[in-house]
Structure formats: C-alpha cells, structure tokens
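Chains L and W supply the protein sequences, listed in that same order. Numbers 0 to 142, taken from numbering that gives the first Met the number 0, label the letters of the first sequence in order. Numbers 0 to 142, taken from numbering that gives the first Met the number 0, label the letters of the second sequence in order. A short write-up of the structure that comes next.
2 protein chains.
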Amino acid sequence: MTGDQGTSIREDVVVLLARASGSALRTANAALEPFGFRARHYATVKIAAEGGGVPQRQIGAVLGLDPSAVVALVDDLESLGLVQRQPDPDDRRTRLVSPTPAGLTMLEKVSPVVGRVQERSMGGLTAAERDTFVRLLRRVVNE
Amino acid sequence: MTGDQGTSIREDVVVLLARASGSALRTANAALEPFGFRARHYATVKIAAEGGGVPQRQIGAVLGLDPSAVVALVDDLESLGLVQRQPDPDDRRTRLVSPTPAGLTMLEKVSPVVGRVQERSMGGLTAAERDTFVRLLRRVVNE
DNA sequence: TATTGTTATACTCTATAACTATA
DNA sequence: TATAGTTATAGAGTATAACAATA
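Following this line, the structure appears as structure tokens:
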C-alpha cells in the first residue's frame, strides 16, 4: 500500500478536541464575563468548595494547569474575595485554598449559568449520548 | 432544594475538554517538534492535500481558527516550502492553498507519527470506544 | 534530595479593529 | 454592502527556570 496517509483530517481527534475545547471555553467565558471572571476561576472555586480546602497542586492537577498558573488564578480569586489561602497544619509548604462565604454564594448564583453552557457545549447530543460522551472523555483524561 | 450546585467539577465538560485538548496538543506538538512545525501546520497541509487547493477561509473553518491566524500559519508553511498560495480563477479575492511536492512527501513521512499520537490521545479506550468517541466529538463540533 | 509555592520571563495562542481588493 | 485576505496589536494562555521554605 503506497501513499496511505491515514484517516481524513475530519476524524483527527487532536483537531476535533481543539475545536470543541476552544468553542466550549469561548461560550463559558462569554457567559461568565458579566460576573467578572472566567471559566477557570469558577472551576477553581468549585474545586475548593468540593474539597473543603485543597492544595494548589491539586487544583493544577484537576484543571491541567502549571503550578505557576495556579498562583495567578488564586491571586485573582483572593482579590475578588471568593477564596482564601490557609496554612496546612500537616505540611507547612502547602497552602490550602478554600471558598469564602462570598465564594459559596457566587457558586449558587452562577451554577445555573454554567449548567446551560454545558448543555450548549454538547448541543447536538441526546441525554444518553451526553452521558456516554462525558464518561469516555473522563477516561481519555485518566480521571 | 437548596444549595444545588449542579454536578461535580469532575463531570464538567468544559474542564474535561480543555484538559483533553491541552494534553493531546502537547503530545502532538512534542512529536512533531523534530520536523520543525506544530500540529496545526501538519493539519493545514493535510487539509490542503485533501481539498486539492482550498481557500484560507476554509482552513480556518476546519481548524476553528481566526482568518488572521491562518495567514500566519500559511506564511510559515510557505517559507518551509510545504504549501503554496495560488490565485482562484473564479474569485480573485480568494487564494487557494495547495501542497507542494515537498508537502506531500512530508505528509507521508509524518503520517505514522500523527497516527500514534492519536492512538495515545485516546489511550484508555478500546477500538470501538474510540469510534464512538470520535463520532460524538464530531457532532459536538457540528462536523 | 524532593516537593510546594512563588517570581520572572518568554513564547504561543486568540481576538479585534482597520485596511485592500474584490464581489 | 459583503467577503477574502492582510497587518498590527493587545490580551490570554502556556511553559520554563530559578528560588525559598519545608519535608
């Protein structure tokens, strides 16, 4: 077989993921813009709330961000009054990020907005297909 | 029901897509680095080859890129000698991008590398699951 | 020796506006 | 009036190296 160049670019996972991610992120950031922060800020407060005080490393691991990016992110959120850094009594290198009361209030207010963004990000799919898609996506990212 | 803040961040499609895309792109760019270009360059030559001379607009549409980004991309590829711009006889505003012989040779050489990247990008999935995943992903991006 | 967080920095990516030439 | 491509530019995102404090 000569000249086999694999599948079409339209089946290229790397391209498809880049497009899907770019589009979902643009939608999410546009929807959150009125609140004065972006998708990753919302996600960080949510991670902090779910974990009840999580090390910055862990935030980076969940979001796929470099530790230095997490510093900037948590700085933003601290100056917005949505999270606070606290010393970890068990490891003084670590700083635990937890939501402030304002952060929790924000989560409740913004949650439906984010819900609609997620629906829209999987627009063409049925409910069952969305479940399948998210389940496969989680395995793709080893979660 | 009070305090319902939707699903866990671990089921957040926007977060999952951003992680999957970032990881796939890093893998692809690292694999292509020895060849002197990145994933989007490869994809552009491939689009040009499949279409046999495609307008820059169309490249932007397939890759989800702004027209101004496509200009820079095609500039890069032209100076690498992998594609050329040709006037469209039917519309003199349009410039058709087509692969050079060197571009076609490159595609054949790089294709197996990209194939392995794609496999790796869907590492945990079976062949059947990969098909399902790509099919759903294409519908998510309306392709 | 290894790890957490931090700073500084450079590079890439994304998005917009303003422009030209064509339609 | 609208569209294809171009330029310049600003802003966001990503990545690296070097460092202090702590394990």
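The C-beta atom is built at its ideal place from N, Cα and C for all residues, glycine as well. On a predicted model such as this, the values are computed, not experimentally measured, just so you know.
Among the CB atoms of chain W, one or more fall inside 8 Å of the CB of residue 23 of chain L. Every beta strand (DSSP E) of 3 residues or more that sits fully in the region 73 to 104 of chain W is shown, in chain order, as 82 to 86 and 94 to 98.
Not flagged as an interface residue toward chain W: residue 76 of chain L, since no C-beta distance is shorter than 8 Å. Bridge pairing for residue 53 of chain W: W:96 [DSSP]. Residue contact check for residue 34 of chain W against chain L: no CB pair falls below 8 Å. Taking the C-beta atoms as reference points, residue 73 of chain W is found nearer than 8 Å to residue 43 of chain W.
For residue 28 of chain L, the secondary structure class from DSSP, reduced to helix, strand or coil, is helix. If the five residues before and after residue 75 of chain W are omitted, its C-beta is found closer than 8 Å to the C-beta atoms of 36 and 40, all from its own chain and listed in chain order. Under the 8 Å criterion on CB atoms, residue 105 of chain L is classed as non-interfacial with respect to chain W.
Against chain W, a Cβ distance below 9 Å from residue 120 of chain L picks out 12, 13, 16 and 139.
Neighbours of residue 102 of chain W in chain L, taken as residues at a C-beta separation under 8 Å, are lacking, since the least C-beta distance is about 11 Å. Taking the Cα of residue 30 of chain L as reference, the smallest distance to any Cα among L:112, L:46 and L:131 is reached at L:112. Within chain L, the residues 42, 45, 46, 49 and 61 have their CB atoms less than 8 Å from the CB of residue 8 of chain W, given in chain order.
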